[in-house]
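Undergrad: No gaps in the numbering here: position 308 of the sequence shown is 308 in UniProt numbering, and each next residue is one more.
Would you mind keeping the following structure in view while I ask a few things?
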Amino acid sequence: MPSLHSDHTPVPSSDPLQRERDHLAGSRAALRAMRADVESLDLADVTGNWVNAAILQREMSDRIKALADLAHTPLFFGRLDYLHAPGMDQAEGAEGEQFYIGRRHVHDADGDPMVIDWRAPVSQPFYRASRKDPMDVGLRRRFGYTGGDLTAYEDEHLTDADEVEQASALLTAEIERPRVGPMRDIVATIQPEQDEIVRADVHGTVCVQGAPGTGKTAVGLHRVAYLLYAHRERLARTGTLVIGPNRSFLHYIEQVLPALGELDVAQATVEELVSQVAVTGTDPADAAIVKGDARMAQVLQRAVRSGVRMPTEPCVVVRGSRRWRIPAYELEELVQELMDRDIRYGAALAALPQRIAHAVLVKMENGGEAPDDRVQDAVARNPAVKAAVKAVWPVVDPAKLVFRLLSDADFLAECADGVLSPEEQRTVLWAKPPRSVKSAPWSLADAVLVDEARDLVERTHSLGHVVLDEAQDLSPMQYRAVGRRCTTGSATVLGDIAQGTTPWATGTWAEALEHLGKPGSRIEALTKTFRVPSEVIRYASRLLPGIAPDLEPADSVRESHGALTVRHIPAPAAALDDAAALDATVSSTPAALTDAVVAACRETLRQEGSIGLIAADHRIPLLAAALDAAGMPYLDPGTETSADSRLTLVPASLAKGLEYDYVVLDEPAAIVDAEPDPRTGLRRLYVCLTRPVSGLTVLHTRPLPAALIS
Ligand SMILES: Nc1ncnc2c1ncn2[C@@H]1O[C@H](COP(=O)(O)OP(=O)(O)OP(=O)(O)O)[C@@H](O)[C@H]1O
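Structure follows, in structure tokens:
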């Protein structure tokens, strides 16, 4: 049976806990020595010039930073006692070995490991070994810390048939640890099903469908850290990127990778990826749906090549006293050949002058001259060649091209013929064409079209690995935008169909993977929620049949009682007399609801940890004023909570991906109604209901959505 040992009673120095503390002290000293070693390196001895010295200096200061011993980050969190030395034949008499598992590798003066990096192969059984498959591990020990002090440990003897399997108290404590500040790493408690995804092969793309709080974001970030460890050189060269839904979310997660020692991972929103034009406008849902449809790629492909004209005139190059003539039919062959080849429009444009010059050179040779490469370059730059190229293969500016498509009905009709219906074409056209590319009210969907057009002209740089979080909201065209950033690499796609709240969202994961350019990739499901207590996830899951009928409700790792409170706040009598008036004025009345919400926040603030007050976006100003009037300070989402500032006022549209120890949820019906259709409204509500770790209080005056009433 796993036993929990703690230091509540004094222990003799021979106590196992003390021995572990001694190992911690020894490891800390070893880490200090490793750092001192790097600091004492004299660069003058090893570098010949100042450029090398500067590069080395930077590398050294990064390394010194990485070797810092952070007082509140335990140097190790687990121990594995192997039955045999790993890698050795499991022969009788082979000695077992003991490894301490931590965030980074630490070795002593002789080079022997004191702590092993959690990502090393030898650490893997810490996350995966089970009674069914002990992976040659006799003992798995988890350590508990209070502040920076090692205060407890928990043992599992995986090969002891008499030991009863039991939930880990340290894991529960870790999950329930109050959440102030940014998101934390979960390196000490990654679960087997999560570890499978974290350590999946770098070459393969993995897609994870996971219920709220199942650790998708955490898994994605740990996967990046793992891949950087396992393929450091390659990924340092090619780069890694984490894509999230908005800046508040990225801000919330931005500390996790540095805490795992990884500083060089870029983070961006989809909007930031496609920043060729500034996004200042929004689309009505119907326009965004068509603009996000993968058929737009076809329209753009035609548009990009629409300016190519078959030559009708010969190209005549004059050099000295001689004239060299390439007839139109020969030019046409060259153009046709480039059209037929699967190369970017811009690459073809760059190749055409050289092709024409080559044809001229052949004629020169036939005419008895002996031109060399320099002559070919000179001919390629000849004004006659340039003019011929300009006439047949004009330069394409991606933003101007999309501008024309969205403002010129005839041009759109030409490019979209047989692809978009006349109705769809009308939908995407700007009602009033803007004056210029600069002043156009580009929407996010437009910017994605410009990005697609740009890629048709010039290949987008591909990274080694991309993690795409909250992927359920992306349109097919947005998937393509992400996909071209990892054509030569792989991706981790994370999301939850039930939390999809955009009308243009791609229907299924299989389809999404196709648009991403990774068809047939593996799709995994995570169904155990670490965040949401059982009572709350059961309540929220009542919405599932209406919003994502194919998904199973999630299980919670924590049974909880009293985590859910649903309170009806009666409207004042005057409002009750007139239900229509009540509905129409929900954003400003009744005051009774606002008062109750403020009181619930005040009451909840008595608990430890963070609190999110989530409400329909249009109710935010009213609630903000009410909190101000009550003298209760609050933060915006994305601003870091601290021990003094624990209340965040969260518009429902920004709640995705975030979490709070306690959530006070204002008027669910208003959240549902704020969306363009009931399904999206209920999905938004599902997101909001699944943000709490320890407690949810729902306050409502209007009737709750029918699905929530059991
Ligand atoms: N193995 C684990 N050990 C401890 N905590 C965990 C573990 N897995 C996830 N968590 C915690 O559960 C919470 C939810 O994780 P995360 O935000 O990654 O879930 P998610 O699936 O992305 O949720 P959502 O769908 O709401 O965006 C986080 O606080 C995370 O640290």
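Glycine residues also receive a C-beta, built at the ideal position from the N, C-alpha and C atoms.
If we call anything under 7 Å between Cβ atoms a contact, is Ala481 one with Asp451?
TA: yes
Undergrad: Quick one: what's got a C-beta closer than 6 Å to Leu696's C-beta in the same chain, skipping five residues either side?
TA: Val536, Leu564 and Val663
Undergrad: Determine the burial state of Leu263: buried for a count of at least 16 other Cβ atoms within 10 Å of its Cβ, exposed for fewer.
TA: exposed
Undergrad: In terms of residues, what are the limits of the alpha helix (DSSP H) holding Met34?
TA: Pro16 to Glu39
Undergrad: Would you say Arg223 and Thr492 are within 7 Å of each other, going by their C-beta atoms?
TA: Result yes, Cβ atoms of Arg223 and Thr492 sit closer than 7 Å.
Undergrad: Return the first residue and the last residue of the beta strand (DSSP E) that Thr565 is part of.
TA: Leu564 to His568
Undergrad: Let me check one thing: in DSSP terms, what residues is Phe77 bridge-paired to?
TA: Bridge partners of Phe77: none, in fact.
Undergrad: Buried or exposed: where does Arg702 fall if 16 or more other Cβ atoms within 10 Å of its Cβ makes it buried?
TA: buried
Undergrad: Of all the options Ser560, Leu526 and Ile547, which has the alpha carbon lying nearest to the alpha carbon of Ser534?
TA: Ser560
Undergrad: Contact defined as beta carbons within less than 8 Å: I believe residue 713 pairs with Val208. What is the distance between those atoms, to the nearest angstrom?
TA: Here the chain has residues from 1 to 710 only, and residue 713 is not among them.
Undergrad: Within 10 angstroms of its Cβ, does Glu267 collect 16 or more other Cβ (buried), or is it exposed?
TA: Residue identity check: residue 267 is Gln in the sequence provided, not Glu. It counts as buried.
Undergrad: Throw me the rounded Cβ distance for the Val379 and Val360 pair, which I believe falls under 8 Å.
TA: 5 Å
Undergrad: Among Pro692, Ala510, Gly464 and Val650, which residue has its Cα nearest to the Cα of Thr238?
TA: Of Pro692, Ala510, Gly464 and Val650, the residue nearest in Cα terms is Gly464.
Undergrad: Taking the alpha carbon of Ile367 as the reference point, which residue from Leu622, Ser14 and Arg325 has its own alpha carbon closest?
TA: As written in the sequence, residue 367 is Gly, which differs from the Ile given in the question. The closest CA to that of Gly367, considering only Leu622, Ser14 and Arg325, is found on Arg325.
Undergrad: Where does Ala173 sit, in a helix, a strand or coil, going by DSSP?
TA: helix
Undergrad: Check this for me: beta carbons of Leu685 and Val672, under 7 Å apart or not?
TA: yes
Undergrad: Which residue's Cα is closest to the Cα of Ala554: His568, Tyr539 and His157?
TA: Of the candidates His568, Tyr539 and His157, the one whose C-alpha sits nearest the C-alpha of Ala554 is Tyr539.
Undergrad: Once DSSP output is grouped into helix, strand and coil, what is the label at His222?
TA: helix
Undergrad: How is Leu582 classed by DSSP in three states: helix, strand or coil?
TA: Only weak support exists for where Leu582 lies, its pLDDT of 48 falling under 50; the coordinates are left without a value.
Undergrad: Per DSSP, what kind of secondary structure is Gly147 in: helix, strand or coil?
TA: coil
Undergrad: Using DSSP bridges, identify the partner residues of Gln425.
TA: In the DSSP output, where bridge partners are listed per residue, Gln425 has none listed.
Undergrad: Report whether the distance from the Cβ of Phe530 to the nearest heavy atom of ligand 1 is below 6 Å.
TA: yes
Undergrad: Output the boundary residues of the alpha helix (DSSP H) element that contains Leu338.
TA: Ala328 to Asp340
Undergrad: Can you grab the Cα-Cα spacing for the pair Arg691 / Ala30, in whole Å?
TA: 41 Å
Undergrad: Helix, strand or coil for Tyr252? Go by DSSP, reduced to three states.
TA: The three-state reading of DSSP puts Tyr252 in helix, counting H, G and I together.
Undergrad: Just to confirm, are Ala543 and Ala707 a CB contact at a threshold of 7 Å?
TA: Residue identity differs from the one stated: residue 543 is Leu in this sequence, not Ala. Between Leu543 and Ala707, the C-beta spacing is below 7 Å.
Undergrad: At what residues does the beta strand (DSSP E) containing Ser475 begin and finish?
TA: Counted as a single uninterrupted DSSP element, the stretch harbouring Ser475 is not any beta strand (DSSP E), since DSSP gives it neither H nor E.
Undergrad: What span of residues does the alpha helix (DSSP H) with Asp410 cover, start to end?
TA: Ala409 to Ala416
Undergrad: At a cut-off of 6 Å, is Asp473 close to ligand 1 when judged by its beta-carbon and the heavy atoms of the ligand?
TA: no
Undergrad: Gly500: beta carbon under 6 Å from a heavy atom of ligand 1?
TA: False, no ligand heavy atom lies under 6 Å from that Cβ.
Undergrad: Taking the alpha-carbon positions, what's the Gly320 to Thr488 distance?
TA: 48 Å
Undergrad: Compute the beta-carbon to beta-carbon distance between Met632 and Val598, rounded to the nearest angstrom, for a pair I have assumed lies under 8 Å.
TA: 7 Å
Undergrad: Could you tell me the alpha carbon to alpha carbon distance between Thr427 and Pro434, rounded to whole angstroms?
TA: Looking at the two C-alpha atoms, the distance is approximately 16 Å.
Undergrad: Can you tell me which residues form a DSSP beta bridge with Gly244?
TA: Thr269
Undergrad: How close, in whole Å, do the beta carbons of Gln376 and Ala357 come, if the pair is a contact with beta carbons under 8 Å?
TA: 5 Å
Undergrad: From what residue to what residue does the alpha helix (DSSP H) around Ser534 run?
TA: Ser534 to Ser541
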